[in-house]
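Data first, discussion second: the structure below is written as structure tokens.
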Amino acid sequence: MTPFFAELIGTMILILLGNGVVANVVLKRTKGNGTGWMVITTGWGLAVFAAVVVAAPYSGAHLNPAITLGFAVTGKFAWGQVVPYIVAQLVGAAIGAVLVWLFYYRHYIVSEDAGAKLATFCTAPAIRNNGSNFFSEFVGTFVLMFVVLYITNGELFIEESATTLPIGLGSVGALPVAFVVWVIGLSLGGTTGYAINPARDFAPRLMHALLPVQGKGTSEWSYAWIPVIAPVAGAIFAGVLYLWLL
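Each residue of the sequence shown is one higher than the one before, counting from 69 in this note's numbering.
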């Protein structure tokens with residue numbers, strides 16, 4: 069497992085489970101149809117947990133171009149690795165979106181709501197206003213990046229003879245970032261659907277445009293720049309503030 073494939077597979081899992089829970093809630097005749105925002109935000113939080121568990125040992129589990137750029141700004145990640153990581157994240161997100169489409173294929177057929185179908189791929193604002201929507205995505209990603217920069221490895225240490233032994237949390241160490249994404253969704257997600265991740269929004273939106281989804285409507289490309297640029301700006305601002313506070 070190389071860092072490139074860890075980011076690809078991790079992001080694929082993130083989108084498969086994250087967009088998968090959206091599909092389960094909004095598409096017709098699913099077992100989870102109509103179960104609501106709490107199910108969606110919880111599903112996304114747990115999707116982050118599953119993806120981080122897989123990718124973290126090999127790549128650090130960025131799974132998000134904004135996070136990769138934020139780490140690079142703070143000096144915690146090499147600039148030379150930024151482009152390969154972002155490419156892996158975009159490819160993984162595209163594959164994850166295709167898997168959701170295949171998994172729920174029959175439910176796309178019986179669902180008439182084009183907006184609901186789009187929601188299973190990418191985000192859209194509840195009230196369209198570019199300035200307000202940009203601010204929402206900026207703030208949401210700022211919170212994500214800023215908190216992630218303060219998450220520690222969660223290890224305890226014991227003295228045994230002359231050796232210091234770490235007692236790690238193992239896979240449970242992926243929970244903090246999952247909780248952060250969960251609370252961002254619950255608290256700040258109602259305006260734009262909290263993309264907070266350019267790969268999570270752009271690559272699935274592209275798949276929505278390319279895949280033969282019956283009655284899918286438009287892919288809303290006029291809005292697509294906001295969940296790309298705003299998260300990047302929010303993460304970079306968080307990184308700069310973090311350095312200044314140090």
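Virtual Cβ for every residue (Gly too), placed ideally from N, Cα, C.
- In the DSSP assignment, residue 87 falls within the unbroken alpha helix (DSSP H) covering 71 to 94.
- In this structure the region 293 to 306 lies against the region 195 to 213, because at least three pairs of beta carbons, one per stretch, are closer than 8 Å.
- DSSP, reduced to helix, strand and coil, places residue 131 outside both helices and strands of the structure shown, so it counts as coil.
- In its chain, beyond the 5 residues on either side, 123, 126 and 127 have a beta carbon closer than 6 Å to the beta carbon of residue 74.
- For the 8 Å CB-CB criterion, residue 188 and residue 263 do not form a contact.
- For residue 173, the enclosing alpha helix (DSSP H) stretches over residues 173 to 178.
- In summary, residue 198 is exposed, with fewer than 16 beta-carbon neighbours lying within 10 Å of its beta-carbon over all protein chains present.
- For residue 103, the closest C-alpha among the options 112, 89 and 114 is that of 89.
- When secondary structure is reduced to three states using DSSP, residue 288 falls in the coil class, being assigned neither helix nor strand.
- DSSP places residue 210 within a helical segment (H, G or I) once states are collapsed to three.
- Excluding residues up to 5 positions away in sequence, 193, 260 and 294 lie with their Cβ nearer than 6 Å to the Cβ of residue 201 in the same chain.
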